[in-house]
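To start, the structure under review is shown below, and the notes come after it.
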Amino acid sequence: MSELNTIQTHVALGDRQLYRIGFGSMRITGAGVWGQPNDPAHCLELLRRLPELGVNFIDTADSYGPNVSEELIRDALHLYKGLTIATKAGLTRQGPNLWAPVGRPEYLRQSLLMSLRRLNLEQIDLWQLHRIDPKVPRDEQFQAVAEFQNEGLIKHIGLSEVNVEDIKEAQKYFKVDTVQNQFNLLNRQYEQELDYCTANNVIFIPWYPLAKNALAGKLDTLGLAAQKYEATPNQIAIAWLLKRSPMILPIPGTSKVKHFEENMQAMNIHLADEDFELLANAYKALA
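The structure is reproduced here in structure tokens:
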């Protein structure tokens, strides 16, 4: 029994209106985010289904595969009519589930140019610094990214896994349009950053929004809410994020068409205030 939906359905990225459920493409790769997916044809089918479902924001990274996710997106969706493609760089891969930040300006430039080639674009809609490399002065990384934008290689700029102080420092070099931090019902370490983004009209992209489907196994609260709203636990978890802030744009990821179609139904669920608070408090107690 979904209530009438009054959730804001879009958020502005410059002159573009992004639907507030996007697609995170990390899982259209092999195990450990390494290599080709088990069923590339189905992943291509999933990507082509996204515009039909109203999705116009797709998030990827050069490190997903590596390269695999960007290549599949190109093969499925180029010329990207009506779509905003966001990619990231700054994490290198040494094997399955292995990640290491590299923020040297020359490496970031090389990564950006290779993403442009793989995606077959002249300009990246949204390019995000995947991590701030602690071994490289932060300001050097920000200066490099500002140069990419000044050269017209990227249109909008985002940051990932950053705190408020990082965002403020970056804003000395460029306009921060998005922040992509891990955030879900159970993991809310970035509440302060979300509130800052909300107050300053910065899109907040919560990655791992469903905690790999583990949320429902932590408490009965989510399952009970799902029963009440005749929904799935994942749909309730996404609906909670959408209600948490009008600047949140969740990017649930999956390699299955059916799963993503189910996720999209979260936009039709308007949680009552008491249910929103009940979920918030129940999971915060576990954090």
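For the sequence shown, position 243 (counting from the first letter as 1) is numbered 233 according to the numbering used here, and the numbering increases by one without interruption. Backbone N, C-alpha and C define an ideal beta-carbon position, used for all residues, glycine too. The structure displayed is predicted, hence computed values, not measured ones.
For Thr74, same chain residues with a beta-carbon under 7 Å away, outside a window of 5 residues either side, are Leu3, Arg6, Leu8, Asn46, Phe47, Asp115 and Leu116 in chain order. By the criterion of a C-beta distance shorter than 8 Å, Leu269 is surrounded in its chain by Leu175, Thr211, Leu212, Ala215, Ile226, Trp230 and Leu261, once the five residues flanking it on both sides are discounted.
Using a Cβ distance threshold of 8 Å, Ala136 and Tyr163 count as a contacting pair. Counting only the Cα atoms, Gln113 lies some 13 Å from His68.
When the Cα atoms are used, Ala189 and Gln161 turn out to be separated by approximately 15 Å. Gln133 and Leu102 have their C-alpha atoms roughly 15 Å apart.
Under the three-state reduction of DSSP output, Asp5 falls in the coil class, being neither helix nor strand. Asn110 is positioned such that its CB atom lies closer than 8 Å to that of Arg64. For Val154, the three-state secondary structure derived from DSSP is helix. According to the DSSP assignment, Gly85 belongs to the beta strand (DSSP E) that extends over Leu81 to Gly85. In the DSSP secondary-structure assignment, Pro91 is bridged to Leu81. Counted as a single uninterrupted DSSP element, the beta strand (DSSP E) harbouring Val169 occupies residues Val166 to Gln170. If the five residues before and after Thr(-4) are omitted, its C-beta is found closer than 8 Å to the C-beta atoms of His260, all from its own chain and listed in chain order. Sorting Lys165, Ala204, Pro199 and Ile157 by C-alpha distance to the C-alpha of Tyr186 places Ile157 at the top.
Listed in chain order, the non-local C-beta contacts of Phe250 below 8 Å within the same chain comprise Phe13, Leu36, Arg39, Leu40, Leu43, Pro242 and Thr244, local neighbours out to five positions each way being set aside.
Taking the Cα positions, Pro223 is about 26 Å away from Glu151. Between Ser59 and Ser105, the beta carbon gap of about 11 Å keeps them out of contact (Cβ cut-off 8 Å). Asp115: member of the beta strand (DSSP E) spanning Ile114 to Leu119, first to last residue. When C-beta atoms of the stretch 177 to 186 are compared with those of the stretch 139 to 148, fewer than three pairs fall below 8 Å, so the two segments do not count as touching. Between Lys233 and Ala201, the alpha-carbon positions lie close to 18 Å from each other.
The C-alpha of Asp265 is placed about 12 Å away from the C-alpha of Tyr273. Cβ neighbours of Val166 within its own chain (closer than 8 Å, five residues either side excluded): Ile147, Gly148, Leu149, Ile157, Ala160 and Val192. Assigned with DSSP and collapsed to three states, His0 falls in strand. According to DSSP, residue pairing for Gly20 in a beta bridge does not occur.
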